[in-house]
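Sequences listed follow chains A and B, in order.
Per the working numbering, the very first residue in the first sequence carries number 190; after that it's consecutive.
Per the working numbering, the very first residue in the second sequence carries number 55; after that it's consecutive.
Think of the CB as a built atom: it goes at the ideal place given N, C-alpha and C, for glycine as much as any other residue.
Computed from a prediction, not measured in an experiment: that's the story for all the values here.
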Amino acid sequence: MRFRQLRHRHPEKPVKGEGGEASSHASRERIRRLRSLAGRDLWSMALFMAVSIVAYDGFAVLPDLPPGIREMLGTPPSAAAVSGLLVLYTFSALILTLARIIGGFGAYGGVYHVVYLTAFYAFYHLSGALPDNFWAVFVSGMTILTLECYHLWSWCSDRIREERESLDEENGQDNDSG
Amino acid sequence: MIRSLIGRAIIPVAITVTGFVVVCCLLLYAVLKNDMTADAVSQANMLADIVVKSTRYAMLREDDETLRNIIENISTREGVEHLRIFNKKGLIEFSSDKGEIKRFVDKKAAGCIGCHAGPVPAAMLGDMERARHYVNEKGASVIAITAPIYNEPDCFNASCHVHPPTQKVLGTLDIGLSGKPLEMSLSTMRKRMAVFSFLVLILTAVGVTALLARAVIGPIRMMTAYCRAVGRGDWRGSFPSFRGEIGELAEAVRRVAARAEESRGILHGQEKKNTGTEQPPEDPEGADRSAGTRPEDSGSEQ
């Protein structure tokens with residue numbers, strides 16, 4: 190699985206004068222970016238909900254696959270095989286996210302998960318078992334994306350707190366020198 | 055932002071464990087539902103074949119009265135929603151619903167379309183293809199089986215010779231059984247799985263809370279209380295020992311407190327030398343302390 194690694198530069202030691210102002214401005218800019226980043230996984234969740242609504246209806250809004258393409262794709266995998274893969278995928282995705290939470294790595298993979306989950310909907314649909322297995326894919330997606338969301342939000346909150354502390358320290362030094 | 059250690063530990067663990075258990079339960083439910091439906095269809099197929107065999111002799115003898123009786127008696131059984139026999143053209147000859155006798159069935163309806171989809175009707179069908187699951191006009195869930203009545207040697211060799219040997223199917227028996235028992239079993243299974251998932255959630259949350267409270271939160275609270283007391287100038291408090299990472303942290307705190315106490319004593323001595331007069335200590339409790347317990351000496355093994 191590929192994940193986007195977030196880069197976080199630790200706040201530089203504030204310097205007095207123009208350099209200090211520039212550093213303070215950079216800190217504020219980083220806080221603004223972190224705030225917008227904290228809610229980014231919600232977009233992945235919204236995208237997954239939209240895909241789920243389409244899948245719930247059996248992809249009725251999409252045109253049927255032409256018989257030629259279906260024939261080219263071959264026999265769809267059995268529902269049992271897709272279910273086995275779903276369990277394996279859910280387990281590994283949760284373990285990887287937990288590992289990133291423990292390690293404090295600011296990486297997130299919300300959009301990639303939406304792609305994988307859409308593939309599961311598609312495979313179940315092709316094997317004719319989507320109505321029976323829809324809720325399993327939906328709960329799996331919601332669990333993974335909620336955990337990703339929580340991880341990204343708590344990681345950003347910690348970084349914002351660090352930036353604020355650095356800003357406060359810098360302001361305190363400026364006041365002392367003033 | 056969640057500040058408490060317990061909150062930060064419980065949320066990811068509870069989401070992970072409960073989510074994974076629910077996904078596994080849903081997949082297991084889908085597999086069990088398929089197996090149970092296949093079992094119910096297999097039972098219904100067996101019953102349909104028994105009815106066909108039971109009516110065979112009456113059909114051979116063209117004994118309509120006996121056939122009607124058999125149909126009526128079977129349809130009075132609880133769980134049998136309908137029972138009808140229609141000929142190759144689709145004309146209903148016998149039925150538990152007298153109103154539909156001598157009417158034609160819709161060949162495009164579910165249960166018929168399986169054989170009549172192509173230009174030539176299929177003569178042989180598998181167990182699952184003979185079954186259909188639907189909700190009837192009374193709102194009851196029905197598992198229906200359409201069992202073909204085949205033309206066998208004793209039919210086309212009979213003296214009447216009504217059916218030629220080339221005709222494969224003479225008619226069809228259609229029996230509808232209530233799907234209520236199957237749905238009740240599935241509903242009970244769903245409820246049990248929901249209770250199981252909820253118990254897993256509660257157990258995870260309580261387990262993580264209890265472990266954290268015992269191994270981390272308790273020692274941290276004790277250390278916080280000790281540090282606060284030292285900060286207020288109260289050196290009398292005892293400091294319990296811990297094991298593992300918390301023990302190392304406690305040891306470090308204890309050393310810092312001891313070093314601070316030493317520095318305080320040195321500072322106080324110098325002050326006395328500088329002034330050259332005996333002054334009572336600032337902290338009246340300090341006197342007790344000199345004769346009493348030092349924080350590093352008073353630890354008890356936990």
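Could you tell me which residues DSSP puts in a beta bridge with residue i?
i: N141/B; result: G225/B
i: Y204/B; result: V223/B
i: V134/B; result: L231/B
i: F51/B; result: For chain B, the structure presents residues 55 to 356; residue 51/B sits outside this window and is missing.
Can you find a C-beta in chain B that's less than 8 Å from the C-beta of residue i?
i: Y339/A; result: yes
i: L283/A; result: yes
i: L277/A; result: no
i: F248/A; result: no
i: F294/A; result: no
i: I242/A; result: no
i: F237/A; result: no
i: L336/A; result: yes
i: L287/A; result: yes
i: D357/A; result: no
i: F280/A; result: yes
Specify the secondary structure class of residue i as computed by DSSP and reduced to three states.
i: H187/B; result: strand
i: A198/B; result: strand
i: E116/B; result: coil
i: R198/A; result: Residue placement at R198/A is flagged as unreliable, the pLDDT there being 45, under the threshold of 50; a coordinate-derived value is accordingly withheld.
i: A361/A; result: The question names Ala, yet the displayed sequence has Gly at residue 361/A. DSSP places G361/A in helix when its eight states are reduced to three.
i: A268/A; result: helix
i: A296/A; result: strand
i: F248/A; result: coil
i: I146/B; result: strand
i: G230/B; result: strand
i: E352/A; result: helix
i: H214/A; result: helix
i: E237/B; result: helix
i: E305/B; result: helix
i: S316/A; result: coil
i: S108/B; result: helix
i: M182/B; result: coil
i: P254/A; result: Strictly speaking, residue 254/A in this sequence is Leu, with Pro absent from that position. Coil, per DSSP.
i: P218/B; result: coil
Compare the C-beta of residue i against all C-beta atoms of chain A and say whether one is closer than 8 Å.
i: I65/B; result: yes
i: L2/B; result: Limits of chain B in this structure are 55 at one end and 356 at the other, which puts residue 2/B out of reach.
i: D351/B; result: Reliability of the predicted coordinates at D351/B is poor, the pLDDT of 42 falling under 50, and no value is obtained from them.
i: V76/B; result: yes
i: G272/B; result: no
i: G61/B; result: no
i: T70/B; result: yes
i: A269/B; result: no
i: G73/B; result: yes
i: A279/B; result: no
i: A283/B; result: no
i: R343/B; result: Since pLDDT at R343/B reaches only 45, below the 50 mark, its modelled position is unreliable, and the value read off the structure follows with that caveat. No, R343/B does not count as interfacial toward chain A.
Between residue i and residue j, how many whole angstroms is the CB-CB distance? I'm expecting something under 8 Å.
i: L287/A; j: P66/B; result: 6 Å
i: A198/B; j: I155/B; result: Actually they do not touch by this definition, with Cβ atoms about 18 Å apart.
i: L240/B; j: K87/B; result: 6 Å
i: I125/B; j: S150/B; result: 6 Å
i: L227/B; j: C209/B; result: Incorrect: roughly 15 Å between the Cβ atoms, too far for contact.
i: T109/B; j: L121/B; result: 6 Å
i: L275/A; j: V243/A; result: Not quite, the Cβ-Cβ distance comes to about 19 Å (not below 8 Å), so this is no contact.
i: L231/B; j: A98/B; result: 5 Å
i: L341/A; j: Y297/A; result: 5 Å
i: E337/A; j: G299/A; result: 5 Å
i: V262/B; j: A63/B; result: 6 Å
Comparing the CB of residue i with every heavy atom of the ligand GTP, is any distance shorter than 7 Å?
i: K327/B; result: Summarising the ligand content, the structure contains no ligands, and the ligand GTP is consequently not present.
Checklist entry - Can you list, in chain order, the residues of the region 233–263 of chain B whose Cβ is nearer than 8 Å to any Cβ on chain A? => result Within the region 233–263 of chain B, no residue has a Cβ that lies closer than 8 Å to any Cβ of chain A.
Checklist entry - Between the region 314–334 of chain A and chain B, which residues of the former have a C-beta closer than 8 Å to a C-beta of the latter? => result Cβ contacts with chain B: A318, D321, N322, W324, A325, V328, S329, M331, T332 and I333.
Next on the checklist: Any C-beta of chain B within less than 9 Å: which residues of the region 214–233 of chain A qualify?
Outcome noted: Against chain B - using a Cβ distance shorter than 9 Å - the region 214–233 of chain A contributes no residues.
Next on the checklist: Closer than 8 Å between beta carbons: that is the criterion. Which residues of the region 251–275 of chain A meet it against chain B?
Outcome noted: Among the residues of the region 251–275 of chain A, those with a Cβ less than 8 Å away from any Cβ of chain B are A268, A269, S272 and L275, in the order of the chain.
Checklist entry - At a Cβ cut of 9 Å, what residues of the region 288–318 of chain B count as close to chain A, listed as they run along the chain? => result From the region 288–318 of chain B, no residue has a Cβ closer than 9 Å to chain A.
Item to check | Interface residues of the region 86–117 of chain B facing chain A [CB-CB below 8 Å] | outcome: The residues in question are K87 and N88.
Checklist entry - Along the region 181–201 of chain B, what residues have a CB closer than 7 Å to any CB found in chain A? => result Shown here is that no member of the region 181–201 of chain B has a Cβ falling below 7 Å from a Cβ of chain A.
Next on the checklist: Under 8 Å, CB to CB, which of the residues in the region 135–166 of chain B have a partner in chain A?
Outcome noted: Answer in chain order: no residues at all.
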